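To start, the structure under review is shown below, and the notes come after it.
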Amino acid sequence: MKIKFLNRAGFTLVELMTVVTLVSSVPLGAYKAVGKAKQSFCKNNLNQIYQALTMFMMENNDRLPSACFYPENSSAENSIVNILHPYLKNKNVFLCPSLPKELQKKEITYIWNDQFNNKNPDGIPNRDKIWLMTEMTATSEKIPPPHPDGYNILYLDGHIETKQKPPDLGREANH
Numbered sequence: 001m002k003i004k005f006l007n008r009a010g011f012t013l014v015e016l017m018t019v020v021t022l023v024s025s026v027p028l029g030a031y032k033a034v035g036k037a038k039q040s041f042c043k044n045n046l047n048q049i050y051q052a053l054t055m056f057m058m059e060n061n062d063r064l065p066s067a068c069f070y071p072e073n074s075s076a077e078n079s080i081v082n083i084l085h086p087y088l089k090n091k092n093v094f095l096c097p098s099l100p101k102e103l104q105k106k107e108i109t110y111i112w113n114d115q116f117n118n119k120n121p122d123g124i125p126n127r128d129k130i131w132l133m134t135e136m137t138a139t140s141e142k143i144p145p146p147h148p149d150g151y152n153i154l155y156l157d158g159h160i161e162t163k164q165k166p167p168d169l170g171r172e173a174n175h
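Residue numbers (full-length UniProt numbering): 1 to 175.
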């Protein structure tokens, strides 16, 4: 009795689709993991900035600095980077790692809520709902959020949240 073996020269469609699905899901998972890592790194940056703000306020009658909404560059006199430099030497903390390198050239990718310049946060109600800093891309609805879960937002009370929608800037963002 002879046993016949079929000579196959290739994959069936099902086998091919299985391989393609498995191979394509790996980069997608890696992409999401990198995005989440950058989001976490950005939150850590905002936390370090808040710690520097706390030290600044301790030396300035519990008042927030008078900084520009978004300066021309990080070394401008009214740049939050320049103001907090004595407390935070690493300028890279002011860069969201999710934003393109082109936007990072100014050495600052966060905007500052200048409506609270030189104010004592203790006297402001609802501090947990008032944004203090967020990514600069929040100024335009045409630009997608920088992180998988949205925008990282530092609030006046020091907590940081990630939200799908940017904070209400309460102004014309033309500074």
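Don't be surprised by glycine CBs; every beta carbon is placed ideally from N, CA and C.
A quick note: this is a predicted structure, and the numbers were derived from the prediction, not measured.
Rounded distance between the beta-carbons of residue j and residue i, thought under 8 Å
i	j	result
residue 170	residue 115	7 Å
residue 83	residue 65	5 Å
residue 74	residue 94	7 Å
residue 32	residue 148	6 Å
residue 121	residue 156	5 Å
Reference residue i; option with closest CA among the options
i	options	result
residue 88	166, 126 and 53	53
residue 127	140, 99 and 160	160
residue 162	14, 105 and 129	129
residue 102	137, 38, 122 and 63	137
residue 123	15, 167, 104 and 61	61
residue 141	39, 77, 118 and 166	166
residue 180	78, 68 and 63	Residue 180 lies beyond the stretch modelled for the chain, which goes from 1 to 175, so this question has no answer here.
Enclosing alpha helix (DSSP H) for residue i [first to last residue]
i	result
residue 141	First-last for residue 141: undefined, no H or E at that position.
residue 101	101 to 104
Unbroken beta strand (DSSP E) run spanning residue i, endpoints
i	result
residue 132	131 to 135
residue 154	151 to 155
residue 191	Absent from the model: residue 191. The displayed extent of the chain is 1 to 175, so no value can be given.
residue 160	160 to 163
Discussion item. So, does the segment 104 to 114 touch the segment 126 to 137, judging by three or more C-beta pairs under 8 Å?
Written reply: Yes: at least three Cβ pairs fall under 8 Å.
Worksheet item: Pairing CB atoms from the segment 140 to 160 with CB atoms from the segment 40 to 56, are three or more of them under 8 Å?
Response: Yes, since at least three Cβ pairs between the segment 140 to 160 and the segment 40 to 56 fall closer than 8 Å, the two stretches touch.
Worksheet entry | Whole runs of the beta strand (DSSP E) within the segment 47 to 129, excluding any shorter than 3 residues | Correct list: 110 to 112.
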